[in-house]
Amino acid sequence: MVSKFVFSALLLFSVYTLAQNAKTANKVLMGGKPVHTYAKLPMVNKTAPKFTLTDVTMKDKTLESYKGKYMILNIFPSVDTGVCSASVRHFNEDVANLPNTVVLCISKDLPFAQKRFCGAEGIKNVEMLSDFRSDFGKTYGVEITDSVMKGLLSRAVVVIDPSGKIVYEEQVADISHEPNYEAAIKAVKN
1 MVSKFVFSAL LLFSVYTLAQ NAKTANKVLM GGKPVHTYAK LPMVNKTAPK
51 FTLTDVTMKD KTLESYKGKY MILNIFPSVD TGVCSASVRH FNEDVANLPN
101 TVVLCISKDL PFAQKRFCGA EGIKNVEMLS DFRSDFGKTY GVEITDSVMK
151 GLLSRAVVVI DPSGKIVYEE QVADISHEPN YEAAIKAVKN
């Protein structure tokens, strides 16, 4: 009798969990084909969720590490792809002229690969951070939950003001497209 009750409770919990995940999952495209992320991005005017990521020297960096600055979170699947590397290069050029602003380029790439890329490309104005050992992808809703890209991060941009509030967010509708750089930069200038 108890085992039937436990089984029924587990079944109900599983159905409930699937239903909740379906409500919060976000659909984006990858080359025109639908894929899903863990959830939607955190909303504008909300406090940015805390995170801990790893820099290219294998040290932890947190949201608090950048307190008092504008943060542009440039989130993408892998620096080893054309569109992702283009976004890093683009923000590297743009951020040089922005006072009190840091661009954090976030992917699941290992810090060694991120460091190698920056050295080869002469990237000096952005910080590369890895989500290889944290829950950033789930916390920010950008972890891809299906397809061959499962476990990687989708392409998104989040701008956080010096007080820690989100002032701009963009979940790029198709991962194979670049983000709206101008809108992200405008959010810092406003």
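Using this note's numbering, the first residue of the sequence shown is number 1, and each one after it goes up by one.
Where is the CB? At the ideal position from N, CA and C, for every residue including glycine.
Treat the numbers as computed from the prediction; the structure is a model and nothing was measured.
Tell me which same chain residues have a C-beta within less than 8 Å of the C-beta of S134, skipping the five on either side of it?
Here residue 134 refers to the residue found at position 134 of the sequence shown. Same-chain partners within the cutoff: F51, T52, L53 and T54.
Which residues bound the beta strand (DSSP E) around D60?
Numbered from its first residue, the sequence shown carries residue 60 at position 60. Unbroken beta strand (DSSP E) run through D60: D60 to T62.
Nearest to K124 by alpha carbon, out of K138, I175 and V95?
Within the sequence shown, residue 124 is the residue found at index 124, counting from 1. Considering only alpha carbons, the answer is V95.
Which residue marks the beginning of the beta strand (DSSP E) containing N92, and which one marks its end?
Here residue 92 is taken as the residue at index 92 of the sequence shown, counted from 1. Premise fails: N92 lies in the alpha helix (DSSP H), G82 to V95, not in any beta strand (DSSP E).
Taking 7 Å as the cut-off, is the beta-carbon of F51 closer than that to any non-hydrogen atom of the ligand HEM?
Of ligands this structure carries none, so the ligand HEM is not represented either.
From the DSSP secondary-structure annotation, give me the bridge partner or partners of H36.
One-based indexing of the sequence shown puts residue 36 at position 36. Answer is K27.
Residues bridged to E169 (per DSSP)
On the sequence shown, position 169 is the one that residue 169 refers to. Paired residue(s): V158.
From M128 to K150, what does the alpha carbon distance come to, in whole angstroms?
Sequence index remark: in the sequence shown, residue 128 carries index 128 (1-based). Sequence index remark: in the sequence shown, residue 150 carries index 150 (1-based). Near 21 Å, if we compare the C-alpha coordinates of K150 and M128.
Test item: CB-CB of Y140 and L41 under 8 Å:
Start at 1 with the first residue of the sequence shown, and residue 140 comes out as number 140. Start at 1 with the first residue of the sequence shown, and residue 41 comes out as number 41. The answer is yes: Cβ separation under 8 Å.
Determine, using beta carbons only, whether V188 and Y66 come nearer to each other than 8 Å.
Counting from one through the sequence shown, the residue named residue 188 turns up at place 188. Counting from one through the sequence shown, the residue named residue 66 turns up at place 66. Cβ atoms of V188 and Y66: not closer than 8 Å.
Once you ignore the five residues that flank V102 on each side, which residues in its own chain have a CB closer than 7 Å to its CB?
The sequence position of residue 102 within the sequence shown is 102, counting from 1. Cβ neighbours of V102 beyond the five flanking positions: Y66, K69, M71 and E127.
When you compare the CB positions of F132 and K108, do they come within less than 8 Å of one another, or not?
For the purposes of this step, residue 132 is taken as residue 132 along the sequence shown, with counting starting at 1. For the purposes of this step, residue 108 is taken as residue 108 along the sequence shown, with counting starting at 1. Yes. Within cutoff.
What three-state label does DSSP hand I123 in the structure shown?
Taking the first residue of the sequence shown as position 1, residue 123 is located at position 123. I123 falls in the coil class under three-state DSSP.
Name the DSSP beta bridge partners of P103, please?
Here residue 103 is taken as the residue at index 103 of the sequence shown, counted from 1. The residue asked about is misnamed: residue 103 is Val in this sequence, not Pro. In the DSSP output, where bridge partners are listed per residue, V103 has I72.
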